[in-house]
Amino acid sequence: MLNSSPQVFDNSDASLVHRGGCFCGSASYQVKGLPLLSAFCHCTLCQRLNAAAFIHTSHFPASGFEWTHSNSELDVLESYAVASKPWKMRWRCKKCGCTVASHNTKLDKWSVWGAQFERDEGGKIIGWDSIKPTAHIFYDTRLVDIHDDLSKWTGYEGTSARLA
1 MLNSSPQVFD
11 NSDASLVHRG
21 GCFCGSASYQ
31 VKGLPLLSAF
41 CHCTLCQRLN
51 AAAFIHTSHF
61 PASGFEWTHS
71 NSELDVLESY
81 AVASKPWKMR
91 WRCKKCGCTV
101 ASHNTKLDKW
111 SVWGAQFERD
121 EGGKIIGWDS
131 IKPTAHIFYD
141 TRLVDIHDDL
151 SKWTGYEGTS
161 ARLA
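In this text, residue positions in the sequence shown follow UniProt numbering: the first is 1, and each later residue adds one.
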């Protein structure tokens with residue numbers, strides 16, 4: 001039987017900081033270190049919650065995640081959980097509705113979406129080389145075929161069946 005937990009990478013570079021937030025700027029966060037996982041997720045839950053064929057998700061240990069907006073979380077964010085994963089609390093901005101992050105209480109880690117990382121003046125994500133995706137996960141439920149050099153997996157990278 002295959003393990004369904006994501007592959008864990010070295011998170012030793014705590015001096016590395018990535019910032020991100022919602023579309024309107026009301027909610028913001030920072031994550032420290034390298035991601036435990038950075039992948040394009042094609043699972044049906046991500047597809048339906050984000051109205052997208054797939055998303056770029058990056059997972060970080062809880063110790064490396066911090067909200068950085070000046071207002072209280074209760075003023076800026078609303079939280080929700082879906083019935084199939086009650087241990088995973090998702091946070092979105094009350095003002096623009098953008099999903100910002102989720103906290104997995106079972107594994108004590110945070111997930112943030114790549115499109116919300118801070119960008120430079122040219123629109124490129126700052127520090128992209130350290131957070132760019134390394135694989136496509138849950139690719140067997142994809143809505144569109146992706147032709148790139150990244151590996152494709154039925155579940156998490158390195159712990160499920162590899163498709164390509």
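Positions of the beta carbon are idealized from the N, C-alpha and C atoms, including for glycine.
Just so it is clear, the structure is predicted and the values come from calculations on it, not from any experiment.
Spatial neighbours of residue i in its chain, beta-carbon cut-off 7 Å, leaving aside the 5 residues before and after
i: residue 5; result: Low confidence applies to residue 5: its pLDDT is 40, below 50, so where it sits in the model is not reliable enough to give any reading.
i: residue 56; result: 40, 113, 114, 115, 133
i: residue 65; result: 29, 31, 110
i: residue 87; result: 104, 105, 106
i: residue 1; result: Annotation note: pLDDT 31 at residue 1 (below 50); position unreliable, coordinate value reported separately. Nothing listed; no residue qualifies.
Contacting residues, own chain, Cβ-Cβ under 6 Å from residue i (five flanking each side not counted)
i: residue 79; result: 89, 91
i: residue 126; result: 118, 120
i: residue 26; result: 76, 93, 95
i: residue 222; result: The structure shown does not extend to residue 222, since the chain spans only 1 to 164, so no value can be given for it.
Residue i burial status per 10 Å Cβ neighbour count (16 or more: buried)
i: residue 10; result: Per-residue confidence for residue 10 stands at a pLDDT of 48, beneath the threshold of 50, marking its modelled position as unreliable; the derived number appears in the next sentence. Exposed, since its Cβ has fewer than 16 Cβ neighbours within 10 Å.
i: residue 105; result: exposed
i: residue 144; result: exposed
i: residue 74; result: exposed
i: residue 147; result: exposed
i: residue 70; result: exposed
i: residue 83; result: exposed
i: residue 72; result: exposed
i: residue 128; result: exposed
Anticipated Cβ contact below 8 Å, residue i with residue j, distance rounded
i: residue 24; j: residue 96; result: 4 Å
i: residue 16; j: residue 130; result: 6 Å
i: residue 38; j: residue 58; result: 5 Å
Proximal residues to residue i (C-beta, below 8 Å), its chain only, five neighbours per side dropped
i: residue 43; result: 137, 138, 141
For this session: For the UniProt domain "CENP-V/GFA" (18-140), list the alpha helix (DSSP H) runs that are entirely contained and at least 4 residues long, ordered along the chain.
Result: 44-50, 73-76, 128-131
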